[in-house]
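A.B. asks: Line by line, the protein sequences give chains A and B. Each residue of the first sequence is one higher than the one before, counting from 0 in numbering that gives the first Met the number 0. Each residue of the second sequence is one higher than the one before, counting from 0 in numbering that gives the first Met the number 0. Handing you a structure now.
There are 2 protein chains.
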Amino acid sequence: MIFPAQEYRDRVARLQTAMGARGVDALLLTNPADLFYTTGFLTRFWESPARPWFVVVPGSGAPIAVIPSIGAELMGRTWLDDIRTWHAPNPVDDGVGLLADTLAQTLPARGAIGVPMGLETHLRMPMADFERLRARLAPRRIVDATDIVQRVREVKSGPEIDRIRAICAIAGRAFARVPGFAAVGRPLADVFRDFQIALLNEGADWVSYVAGGAGPDGYGDVISPAGAQPLQPGDVLMLDTGAVKDGYFCDFDRNFAIGPASDSARRAHAALWQATEDTLAALRPGLRACDVHALLWQGLEKQGATPASGRLGHGLGVTLTEWPSFTPLDQTPLRAGMVLTLEPGCMLGPGRMMVQEENIVLHEHGAELLSPRVPAELPEVLA
Amino acid sequence: MIFPAQEYRDRVARLQTAMGARGVDALLLTNPADLFYTTGFLTRFWESPARPWFVVVPGSGAPIAVIPSIGAELMGRTWLDDIRTWHAPNPVDDGVGLLADTLAQTLPARGAIGVPMGLETHLRMPMADFERLRARLAPRRIVDATDIVQRVREVKSGPEIDRIRAICAIAGRAFARVPGFAAVGRPLADVFRDFQIALLNEGADWVSYVAGGAGPDGYGDVISPAGAQPLQPGDVLMLDTGAVKDGYFCDFDRNFAIGPASDSARRAHAALWQATEDTLAALRPGLRACDVHALLWQGLEKQGATPASGRLGHGLGVTLTEWPSFTPLDQTPLRAGMVLTLEPGCMLGPGRMMVQEENIVLHEHGAELLSPRVPAELPEVLA
Numbered sequence: 000m001i002f003p004a005q006e007y008r009d010r011v012a013r014l015q016t017a018m019g020a021r022g023v024d025a026l027l028l029t030n031p032a033d034l035f036y037t038t039g040f041l042t043r044f045w046e047s048p049a050r051p052w053f054v055v056v057p058g059s060g061a062p063i064a065v066i067p068s069i070g071a072e073l074m075g076r077t078w079l080d081d082i083r084t085w086h087a088p089n090p091v092d093d094g095v096g097l098l099a100d101t102l103a104q105t106l107p108a109r110g111a112i113g114v115p116m117g118l119e120t121h122l123r124m125p126m127a128d129f130e131r132l133r134a135r136l137a138p139r140r141i142v143d144a145t146d147i148v149q150r151v152r153e154v155k156s157g158p159e160i161d162r163i164r165a166i167c168a169i170a171g172r173a174f175a176r177v178p179g180f181a182a183v184g185r186p187l188a189d190v191f192r193d194f195q196i197a198l199l200n201e202g203a204d205w206v207s208y209v210a211g212g213a214g215p216d217g218y219g220d221v222i223s224p225a226g227a228q229p230l231q232p233g234d235v236l237m238l239d240t241g242a243v244k245d246g247y248f249c250d251f252d253r254n255f256a257i258g259p260a261s262d263s264a265r266r267a268h269a270a271l272w273q274a275t276e277d278t279l280a281a282l283r284p285g286l287r288a289c290d291v292h293a294l295l296w297q298g299l300e301k302q303g304a305t306p307a308s309g310r311l312g313h314g315l316g317v318t319l320t321e322w323p324s325f326t327p328l329d330q331t332p333l334r335a336g337m338v339l340t341l342e343p344g345c346m347l348g349p350g351r352m353m354v355q356e357e358n359i360v361l362h363e364h365g366a367e368l369l370s371p372r373v374p375a376e377l378p379e380v381l382a
Numbered sequence: 000m001i002f003p004a005q006e007y008r009d010r011v012a013r014l015q016t017a018m019g020a021r022g023v024d025a026l027l028l029t030n031p032a033d034l035f036y037t038t039g040f041l042t043r044f045w046e047s048p049a050r051p052w053f054v055v056v057p058g059s060g061a062p063i064a065v066i067p068s069i070g071a072e073l074m075g076r077t078w079l080d081d082i083r084t085w086h087a088p089n090p091v092d093d094g095v096g097l098l099a100d101t102l103a104q105t106l107p108a109r110g111a112i113g114v115p116m117g118l119e120t121h122l123r124m125p126m127a128d129f130e131r132l133r134a135r136l137a138p139r140r141i142v143d144a145t146d147i148v149q150r151v152r153e154v155k156s157g158p159e160i161d162r163i164r165a166i167c168a169i170a171g172r173a174f175a176r177v178p179g180f181a182a183v184g185r186p187l188a189d190v191f192r193d194f195q196i197a198l199l200n201e202g203a204d205w206v207s208y209v210a211g212g213a214g215p216d217g218y219g220d221v222i223s224p225a226g227a228q229p230l231q232p233g234d235v236l237m238l239d240t241g242a243v244k245d246g247y248f249c250d251f252d253r254n255f256a257i258g259p260a261s262d263s264a265r266r267a268h269a270a271l272w273q274a275t276e277d278t279l280a281a282l283r284p285g286l287r288a289c290d291v292h293a294l295l296w297q298g299l300e301k302q303g304a305t306p307a308s309g310r311l312g313h314g315l316g317v318t319l320t321e322w323p324s325f326t327p328l329d330q331t332p333l334r335a336g337m338v339l340t341l342e343p344g345c346m347l348g349p350g351r352m353m354v355q356e357e358n359i360v361l362h363e364h365g366a367e368l369l370s371p372r373v374p375a376e377l378p379e380v381l382a
C-alpha cells in the first residue's frame with residue numbers, strides 16, 4: 000500500500016459523510032481510479048478488459064471488495080478485510096450474483112445505491128450485467144453519485160500532493176534531457192521513444208501517456224502518436240506526458256524550437272507564458288472553472304494571441320485528467336487542495352497551434368507550481 | 000493509418016454482414032479497441048476519461064465518427080469522411096444530441112441499434128447519457144451486439160497477424176536482455192523499469208502492461224506492480240508484458256531462476272513447457288475454448304503438476320486480452336485466424352505459482368508460434 004490505512008479511512012469517511020447528506024446508502028464503484036482511491040489497489044491489469052471489479056462502500060465501515068479471484072492476493076495487501084471473489088470471466092454469472100448479494104446485505108430493501116453516471120464517468124462493467132443487477136436489487140434504487148465521488152476526490156490530501164509533486168519533478172528532469180535527443184533529422188517516433196526512456200530513467204514507474212507533434216511554427220493537434228517524419232529546421236516540437244509514480248500522474252508538456260525559432264513562434268510562446276503567469280497570480284479558491292477559462296482566454300487576447308478552442312486545463316491526480324474542466328460552461332468552484340493543470344493554447348495559423356501546460360496545487364492563498372516553470376523564452380535545440 | 004483503407008472496408012463489410020443476419024440496423028461503438036478496429040484511429044489519449052467518443056456503423060457504407068473536436072485532426076487522417084464533432088466536455092450536452100441525430104438519420108424509426116453489452120465488454124460513456132440517448136431514440140431499440148463484434152474481431156487478417164508477430168519479436172528480444180539486468184540484490188522495481196526500457200529500445204511504441212513477481216520457487220500472483228524488495232538467490236522471477244507496436248499487443252511472460260534453480264522450480268517449468276508443447280500439437284479449429292482449458296489442465300496433471308485455477312489463456316490483438324477465455328465454461332469455437340495465448344500455471348506450494356505464456360496464431364492445419372518458444376529448461380541468471 001502506498002499510504003497508511005488511515006489515509007484511506009479518511010477518504011472513505013468523507014465519502015460516507017457526502018452519502019449521508021444525499022441519502023445514498025451504499026456506493027458501487029467499478030473503475031480503476033475509484034478502486035485505487037478507496038482501497039489502494041494498484042495494478043496495470045486494468046489494461047485487460049476481460050473482467051469487471053467492484054468495490055462497495057457502505058454507509059459506515061470499511062469498503063467491501065467483490066473481485067475476480069486473480070486479484071485476491073493483491074487486494075489482500077490493501078487495508079480491506081472483506082474481499083469476496085469469483086472465478087472470472089464466467090459467461091453464466093460474471094460476479095453479478097455475488098455483487099447483488101453483497102449489496103442486498105449492505106443496504107435496506109428500499110435503499111439507494113449510488114453509482115457515478117455523470118460527466119467524465121463511465122461504468123466499467125458489461126451493460127447487460129448492470130441491467131441484471133438493477134433488476135435483482137429492486138426495489139432498491141440506483142442513483143447518480145457523480146457529485147459525491149467528484150467533490151471528495153477533487154480535494155487532494157497532503158500525501159497525495161506529495162506524490163504528484165514527485166512525478167512532476169521526474170517529468171521535469173526528463174524534459175530537461177530532450178535537447179540531448181531531439182535533433183534535426185531524427186524521426187518523431189524515435190524522439191517519443193527516447194522521451195519515454197528518459198522518464199523511466201528519471202524514476203517514473205511507467206508512462207501511461209505520451210503525445211506530441213512537430214511542424215513549422217506549431218502542430219496540428221495534441222493527442223497524436225508519433226509518425227516516422229524526421230524533425231526539420233524551423234519545427235516546433237511539443238512533447239506532453241502523463242507519467243506515473245505510485246499511481247499518481249503528472250500531465251504537462253514542453254515546446255522546443257528545432258533550430259532558431261521564428262518570431263511568430265517566439266511571440267506565441269511568450270504570450271502563452273504571460274497568460275499563464277497572470278492566471279497563476281489570480282488563482283484563488285472560490286473562482287469557478289469557467290472563470291479560469293476566462294482568465295486564460297483574456298490573457299491570451301491581451302497578448303495579441305488567438306486562443307485555441309477547447310478546454311484550457313483540468314483536474315489531475317489518479318488519472319491523467321480529472322474534472323473540473325476549464326471551459327466556458329463548467330461552473331465547478333475551485334477549492335483549496337485541488338491539483339490542476341493550466342493549459343492555454345493559441346493558433347499560429349490554420350492547423351498550427353502551440354500549447355503550454357503547467358501543473359499546480361491550489362492553496363487558500365493561491366497557486367503553488369508542481370511542474371518546473373516553463374522558461375519565459377522558447378528553448379531552441381540547435382544542431 | 001496503419002493499414003490501407005481496404006483493410007478497414009473489409010472489416011466493416013464483415014460487421015455489416017453479421018448485422019444484417021441479426022436484424023441490427025446500426026452499431027454504436029464507444030471503446031478504444033472498437034474505434035481503432037473500424038477506423039484506424041490510434042491515440043493514447045484514451046487515458047483521459049474526460050470525453051466519450053462514438054463511431055456509428057450503418058447497415059451499409061462507411062462508419063460515421065461522432066467525436067470531441069480535439070480529435071478531429073487525427074480522425075481526419077483515417078479513412079472516414081463523415082466526422083461530426085462537438086466541444087467536449089460539455090456539462091449541458093456532451094455529444095448526446097449530435098449522436099442521437101446521427102443515429103436517427105441512419106436507421107429507421109423502429110430500427111435496432113446494436114451495442115456490445117455482454118461478457119468482456121463495457122460501454123465507455125456516462126451511464127446517464129446512455130439512458131438519455133435511449134429515451135431520445137425510442138421507439139428504436141438498443142440490442143446486444145457483443146456476438147456481432149466479437150465474431151468479426153476475433154478472426155485476424157494477415158496484416159493484423161503480421162503486426163502481432165512484429166511486437167512478439169520485439170518482446171522476445173527484450174526478454175533475451177533480462178539476464179543483463181536481473182541480478183541478486185536488484186530491487187524488483189528497477190528490474191521492471193529496465194525491462195520497459197529494453198522493450199522501447201527493441202522497438203515497442205509504448206508499454207501498456209508490465210507485471211510480474213519474484214519469490215522462492217514462485218510468486219503469489221501475476222498482476223502486481225513491482226515492489227522495492229531486492230531479488231534473492233533462489234527466487235523465481237517472472238516478467239509479463241503487453242507491449243504495443245502500431246496499436247497491436249503481445250502478451251507473454253518468461254521465468255528466470257535467480258541463482259541455481261531448485262529441483263521443484265525446474266520440474267514445474269518443465270511440466271508447463273510439456274503441457275504447452277502437447278497442446279500446441281493438438282490445437283485445431285473446431286475445438287472449443289473449454290477444450291483448450293482441458294488440454295492444458297490434463298497436460299499439467301499428466302506431468303504431475305498441480306494446475307492453477309483461473310483461465311489458462313485467451314484471445315489477443317488490439318487489446319492486451321480478448322475473448323475467448325480458456326476456462327471450463329467458455330464454449331466459443333476456435334477458428335482459423337484467431338490469435339491466442341496459452342498460459343498454463345501451476346502451484347508449487349501455498350501462494351507460490353509459476354505461469355508460462357506463449358502467443359500463437361491458429362491456422363487450418365494447427366498453431367503457429369508468434370512468441371519465441373520458452374526454453375525447455377528454466378533459465379538461470381547467475382551472479
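Quick reminder that beta carbons are idealized off the backbone N, C-alpha and C, glycines included.
1) According to DSSP, R253/A sits in a beta bridge with which residue or residues?
2) Check the Cβ of G219/B against every Cβ in chain A and list those closer than 7 angstroms, keeping chain order.
3) So if I threshold CB-CB distances at 9 angstroms, which residues from the region 85-110 of chain B count as touching chain A?
4) Does the contact criterion of 3 or more C-beta pairs under 8 angstroms hold for the region 291-299 of chain A versus the region 311-328 of chain A?
5) With a threshold of 7 angstroms between beta carbons, is H121/A in contact with chain B?
6) Can you give me, in chain order, the residues of the region 18-44 of chain A that have a beta carbon less than 7 angstroms from any beta carbon in chain B?
7) For the alpha helix (DSSP H) that D262/B lies in, which residues bound it at each end?
8) For T16/A, is the classification buried or exposed, using 16 other Cβ atoms within 10 angstroms of its Cβ as the cut-off for buried?
9) Starting from L118/A, trace the beta strand (DSSP E) both ways and give me its first and last residue.
10) For I160/A versus Y247/A, is the C-beta distance shorter than 7 angstroms?
11) What do you get for V151/A, buried or exposed, if any count of 16 or more other CB atoms within 10 angstroms of its CB means buried?
12) In chain A, what lies closer than 7 angstroms to I222/B by C-beta?
13) Can you check whether the C-beta of P125/A is within less than 7 angstroms of a C-beta belonging to chain B?
14) Starting from the Cα of A304/B, find the closest Cα among M237/B, M352/B, R372/B and Y208/B and give me that residue.
15) Assuming P57/B and T105/B make a contact with CB atoms under 8 angstroms, what is their CB distance in whole Å?
16) Could you list which residues in chain A have their beta carbon closer than 7 angstroms to that of Y208/B, in chain order?
17) Just to confirm my understanding: we take Q330/B, look at its own chain, exclude 5 residues before and 5 after, and list those with CB closer than 8 angstroms. What are they?
18) Given this structure, state the Cα-to-Cα distance separating A210/B from W205/A, to the nearest angstrom.
19) Could you have a look at F248/A and say whether DSSP puts it in helix, strand or coil?
20) Taking C-beta to C-beta, are G309/A and I1/B nearer than 7 angstroms?
21) Rounded to whole angstroms, what's the CA-CA distance from P284/B to G217/A? Just pull it up for me.
22) Should A335/B and L377/B be called a contact, given that it needs their Cβ atoms to be closer than 7 angstroms?
23) Under 7 angstroms between the Cβ atoms of T125/B and M116/A?
24) Step through the CB atoms of chain B and report whether any lies within less than 7 angstroms of the CB of R185/A.
25) In or out: Q231/B buried (at least 16 other Cβ within 10 Å) or exposed?
26) Against chain A, with Cβ distances strictly below 7 angstroms, would I196/B count as a contact?
27) What are the boundary residues of the beta strand (DSSP E) that includes F53/A?
28) Starting from E367/A and walking both ways along the beta strand (DSSP E), at which residues does that stretch end?
29) Is the region 362-370 of chain A in contact with the region 120-139 of chain B, if contact means three or more CB pairs nearer than 8 angstroms?
30) Look at the Cβ atom of L26/A, then the Cβ atom of R192/B, and state whether they are nearer than 7 angstroms.
31) Assuming L381/B and G258/B form a contact by the criterion Cβ under 8 angstroms, report the distance between their Cβ atoms to the nearest whole angstrom.
32) For S59/B, count the other beta carbons within 10 Å of its own beta carbon; 16 or more makes it buried, fewer makes it exposed. Which is it?
33) Run down chain B in chain order and give the residues with a C-beta less than 8 angstroms from the C-beta of G233/A.
34) Below 7 angstroms on C-beta distance, what does D143/B contact in chain A?
35) Which residue marks the beginning of the alpha helix (DSSP H) containing P31/A, and which one marks its end?
36) Is A64/B helix, strand or coil by DSSP?
C.D. replies: Result, derived from the coordinates:
1) Looking at the DSSP output, R253/A shares a beta bridge with L238/A.
2) Within chain A, the residues E72 have their CB atoms less than 7 angstroms from the CB of G219/B, given in chain order.
3) So the list reads H86, A87, P88, N89, P90, V91 and D93, given in the order they occur along the chain.
4) As far as the Cβ criterion goes, the region 291-299 of chain A touches the region 311-328 of chain A, which means the pair count is three or higher.
5) Cβ-Cβ to chain B under 7 angstroms: yes for H121/A.
6) From the region 18-44 of chain A, only L41, T42, R43 and F44 have a Cβ closer than 7 angstroms to chain B.
7) First-last of the alpha helix (DSSP H) with D262/B: D262 to A281.
8) T16/A comes out exposed.
9) Counting along the chain, L118/A falls outside any beta strand (DSSP E), and DSSP gives it neither H nor E.
10) Taking 7 angstroms as the Cβ cut-off, I160/A and Y247/A do not qualify as a contacting pair.
11) Buried is the call here.
12) Residues of chain A with a Cβ closer than 7 angstroms to the Cβ of I222/B are, in chain order, T42, F44, I69, G70 and L73.
13) Interface criterion met: the Cβ of P125/A is under 7 angstroms from a Cβ in chain B.
14) If we check each option's Cα against that of A304/B, M352/B comes out closest.
15) Yes, they are in contact, since the Cβ atoms of P57/B and T105/B sit about 5 angstroms apart, within 8 angstroms.
16) Neighbours of Y208/B on chain A, chain order: R43 and E46.
17) Take Q330/B, set aside five residues on each side of it, and the residues of its chain with a beta-carbon closer than 8 angstroms to its own are R287, A288 and C289, in chain order.
18) Taking the straight line from one Cα to the other gives about 11 angstroms.
19) Reduced to three states, the DSSP call for F248/A is strand.
20) Not in contact: G309/A and I1/B (Cβ atoms no closer than 7 angstroms).
21) Computed Cα separation, rounded: 51 angstroms.
22) Taking 7 angstroms as the Cβ cut-off, A335/B and L377/B do not qualify as a contacting pair.
23) Correcting the residue identity first, residue 125/B is Pro in this sequence and not Thr. Yes, they are a contact pair.
24) Cβ-Cβ to chain B under 7 angstroms: no for R185/A.
25) Here Q231/B is exposed. Its C-beta has fewer than 16 other C-beta atoms within 10 Å.
26) At a cut-off of 7 angstroms between beta carbons, I196/B contacts chain A.
27) Here the beta strand (DSSP E) through F53/A covers F53 to P57.
28) For E367/A, the enclosing beta strand (DSSP E) covers residues G365 to L368.
29) Cβ pair count under 8 angstroms is below three, so no.
30) Contact: no.
31) 7 angstroms between Cβ atoms; contact.
32) That one is exposed.
33) Simply none; closest approach about 20 angstroms.
34) Within 7 angstroms Cβ-Cβ: A127.
35) Note, P31/A: alpha helix (DSSP H), P31 to T38.
36) A64/B falls in the strand class under three-state DSSP.
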